[in-house]
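Structure, as structure tokens:
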Amino acid sequence: MKTFARWLLAAGMMFAGLSHLFWARREFQAQVPDLVTDVLPIDKDGVVVASGAVEIMLGAALIVLPTERRRVGSLLAAFFIAIFPGNLAQAMDRRPAFGLDSDAARLTRLLFQPLLVAWALLATRD
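Numbering (this note's numbering), first residue to last: 27 to 152.
Dropping the structure here:
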């Protein structure tokens with residue numbers, strides 16, 4: 027079951043990463059908090075491209091680095107925590123990206139973030 031959970035997580039991460047780079051770039055840009063681009067020397071598109079690349083690498087690492095899966099799982103959990111402010115900004119600013127066009131939908135998404143963290147940790151532990 028953990029193997030299936032890992033592969034599903036890996037596939038989801040790679041799919042999400044590809045969507046950052048190709049078909050959903052504008053939606054992801056809407057999630058980048060202004061504070062990020064105020065503090066870092068990068069624009070919102072750069073943040074989206076970088077996070078998409080990280081998602082692809084983490085997803086691939088879950089598959090091709092089986093002896094490092096615990097470490098990759100920890101990195102993935104940290105990544106999910108790091109992107110939480112973007113999801114929070116989307117909710118607070120009421121941005122309707124990804125069909126999240128109501129406060130209830132955006133709040134539901136926020137509540138699922140801890141589940142992603144748990145999934146990354148539990149699926150990569152023996």
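Backbone N, C-alpha and C define an ideal beta-carbon position, used for all residues, glycine too. Here the structure is a predicted model, which is why all the values come from computation and not from measurement.
- Taking a 10 Å sphere around the C-beta of G99, we find 16 or more other C-beta atoms and assign the residue as buried.
- In this structure A36 is buried. Its beta-carbon is surrounded by 16 or more other beta-carbon atoms within 10 angstroms.
- With a cutoff of 8 Å on beta-carbon distance, R51 and D69 are scored as not near each other.
- Between A86 and R120, the alpha-carbon positions lie close to 33 Å from each other.
- Residue environment for W145: buried (at least 16 other C-beta atoms within 10 angstroms of its C-beta).
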